[in-house]
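Under our numbering, the first residue of the sequence shown is numbered 2, with each subsequent residue one higher.
From the three backbone atoms N, C-alpha and C, an ideal C-beta is built for every residue, glycine too.
Predicted, not measured: the structure shown is a model, and the values here were computed from it.
Structure first, then comments.
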Amino acid sequence: MCLERGGIIGTITTFRDLDVYKKLCELHLEIHKLSMDFPKFELYELGSQIRRSSNSIPANVDEE
2 MCLERGGIIG TITTFRDLDV YKKLCELHLE IHKLSMDFPK FELYELGSQI RRSSNSIPAN
62 VDEE
C-alpha cells in the first residue's frame with residue numbers, strides 16, 4: 002500500500018504497478034528508438050548490445 006500525508010493513495014499488487022518499473026519501460030523504449038538512428042556500421046553490433054542491455058533493466062525490477 003502507498004501512503005501519502007493524509008491517507009492511502011493506492012495499492013501495489015504487482016511490480017508492474019511500481020512507478021520505477023513504468024519509467025524504466027519508457028526509458029527502454031526511448032533507448033531503442035535512439036539506437037535505431039545509429040550509423041549503419043554501429044547499428045547491428047553496438048546498437049544491438051545497447052537494446053539488449055536496456056531491455057534487461059526493467060527485467061531486473063521483476064526479479065527483486
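| Check | Outcome |
| --- | --- |
| Runs of alpha helix (DSSP H) wholly within the segment 2 to 48 (minimum 4 residues, chain order) | 20 to 36, 41 to 44 |
| Euclidean distance between Cα positions of Pro-59 and Cys-26 | 6 Å |
| Local Cβ density within 10 Å of Tyr-45, reported as buried at 16 or more and exposed below that | exposed |
| Given Glu-64 as reference, the closest of Gly-11, Gly-48, Arg-17, Ile-13 once Cα atoms are compared | Arg-17 |
| Reduced DSSP category for Asn-56 - H, G, I as helix; E, B as strand; rest coil | helix |
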